[in-house]
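Please read the structure below before turning to the comments.
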Amino acid sequence: MAQQHAPLGEVNRSTRRRRAPPRRGFVLAAAIAGGAAAGLLPIAAQAAEWPERPVRLVVAFPPGGSTDMAARVLAEKLGDALKQPVIVDNKPGASGNIGAELVARAQPDGYTLLMAATSFATSPAFFPNLSWSPTRDFAPVSMVASVPIIVAVNPDVPANSISELIEHARKNPGKLNMASPGAATLTRLSGEMFKLQAGLDWTTVHYKGGVPAVQDMLSGVAQVMFANASDVMAYVKAGRLRALAVTTAQRSEVVPELPTVAESGLPGFDVSTWQAVVAPAGTPQPIVRRLHKEIARIMALPEVKAKFQSFGTDVAFADPEELGQFLQREVSAIDAVVKKVGAKID
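First residue of the sequence shown? That's 0 in numbering that gives the first Met the number 0, and the numbers climb one at a time after it.
As structure tokens, this is what we get:
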């Protein structure tokens, strides 16, 4: 999502200090400074010795999806680099909120990380009473991947292009079902945006994940789906589904033969999902920087890029500062889209 928004302001906290005699104030200041320095020693030592035991990489989704597959490729390489196992721990449920909350409440010591996906940024717009914030409770570490969203149809739909799909849907208002892998997903939102921008009338059917949504696409219960490439490309190659376009601004290296929605009749249409590594807020910066350095090196390896593309994912890069700014923009932009299309959790 490309909409620009001003960064969130920080809350200023001030404490009222009583005036003290100069000499006493100097002594107190020195004591405070010394105490602060002493307090920093364990953190510095901890960061220097990290990691001394296995690192847990939480995935807030079931095994087998694109986020899980990306996490397992990264975990193997990262474990080699850190000389400690990196263990993928699947904690699915509540649109990814269970896994995210677990990491938000974990000790900020570098031993618990989250492989965040786009639902990490969509949740605040759908769950107003969310107990965690993607921009407040996490330390950004590194962007990992960009996942193209593919517009796919059941082969019985008489459409080989976006323009033909729009024409068919307009001639058959209310007769098409759009399969959604989850009410709070960006793939669902991309379909709602497409529907609104093209002026269409179809029914959105929500499923508990991409796998059951794809199964109903294959059986013909649903006719249209905006899906992560990793969820549908095997079926597209087998001729059981038809891919019409990608929703990104530019064509994807994963499926370069597919045009974009923007070039196919809806100018300006640009949506993509992503994956990134984040840690609990307060994780020592030396650990964050070490993690980013190793992850960026791993994502640049040709064999990793090839592996990611094999399951429909492009590698992507962003350092902690860039990722933090991206998350601020993404959360704001998604909130605006949710309000515009009137999307809700059914």
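Beta carbons: idealized from backbone N, C-alpha and C, even for Gly.
- Counted as a single uninterrupted DSSP element, the beta strand (DSSP E) harbouring Ala275 occupies residues 272 to 279.
- The residues Glu252, Val253, in chain order, have a CB closer than 7 Å to that of Gln308 in the same chain once the five nearest residues on each side in sequence are set aside.
- Straight through space, the alpha carbons of Arg55 and Val303 are spaced by roughly 20 Å.
- For His205, the pairing in a beta bridge is given by DSSP as Ser179.
- With three or more CB-CB distances shorter than 8 Å, the segment 51 to 67 counts as touching the segment 101 to 120.
- Per DSSP, Ser141 is not a residue of any alpha helix (DSSP H); the beta strand (DSSP E) it occupies stretches across 137 to 146.
- Between Met192 and Val340, the beta carbon gap of about 6 Å places them in contact (Cβ cut-off 8 Å).
- Nearest in C-alpha terms to Val152, of all of Gly238, Val85, Leu73, is Gly238.
- The beta carbons of Ser65 and Phe310 sit about 6 Å from each other, so the pair counts as a contact at 8 Å.
- One thing to note: Val314 has its Cβ no nearer than 8 Å to the Cβ of Val140.
- Sorting Arg52, Pro50, Asp67, Glu51 by C-alpha distance to the C-alpha of Trp273 places Asp67 at the top.
- In this structure, the alpha-carbon of Pro279 lies about 42 Å from that of Gly264.
- In this chain, Leu257 is not harboured by any alpha helix (DSSP H), its DSSP state being neither H nor E.
- The C-beta distance from Tyr234 to Leu217 rounds to 7 Å, short enough to fall under 8 Å.
- The beta carbon of Glu166 sits closer than 8 Å to the beta carbons of Ala158 from its chain, once the five residues preceding and following it are set aside; these are given in chain order.
- Closest option to His291, judged by alpha-carbon separation, among Ala317, Leu300, Gly281: Ala317.
- Only residues of its own chain outside the window of five on either side were considered, and among them Ile148, Phe225, Thr246, Val270 have a CB closer than 8 Å to the CB of Ser189, listed in chain order.
- Scanning Gly198, Ile161, Val220 for the CA closest to the CA of Val204 turns up Val220.
- Contact annotation: Ile86 and Pro53 have beta-carbon atoms nearer than 8 Å.
- Non-local beta-carbon contacts of Ser160 in its own chain, meaning distances under 7 Å to residues more than five positions away in sequence, involve Leu243, Ser263 in chain order.
- Per DSSP, the unbroken beta strand (DSSP E) holding Thr111 starts and ends at 111 to 116.
- Taken atom to atom, the span from the alpha-carbon of Arg135 to that of Ala182 is near 24 Å.
- Take the alpha-carbon of Gln222 and the one of Ala115: they are about 29 Å apart.
- Asp79 has its alpha-carbon roughly 14 Å from the corresponding atom of Leu300.
- Sequence-distant Cβ neighbours of Pro107 in its own chain, meaning closer than 6 Å and more than five residues away, are Pro279, Gly281, Thr282.
- Leu73 and Ala248 have their C-alpha atoms roughly 26 Å apart.
- In terms of Cβ geometry, Asp215 and Ala178 form a close pair [threshold 8 Å].
- DSSP links Phe225 through a beta bridge to Val150.
- In this structure, DSSP gives Leu322 a helical state, which the three-state scheme calls helix.
- In the DSSP assignment, Arg288 falls within the alpha helix (DSSP H) that extends over 284 to 298.
- Counting C-beta atoms within 10 angstroms of its own C-beta, Glu51 has fewer than 16 neighbours from the protein chains shown and is therefore classed as exposed.
- Three or more pairs of CB atoms, one per stretch, sit closer than 8 Å, so the segment 330 to 339 contacts the segment 119 to 138.
- Counting every other CB atom within 10 Å of its CB across the protein chains shown gives Pro180 a total of 16 or more, marking it as buried.
- Checking the DSSP bridge columns, you'll see Leu243 has no partner listed.
- Taking a 10 Å sphere around the C-beta of Arg187, we find 16 or more other C-beta atoms and assign the residue as buried.
- Shown here, Arg71 sits in a helix according to DSSP, grouped into three states.
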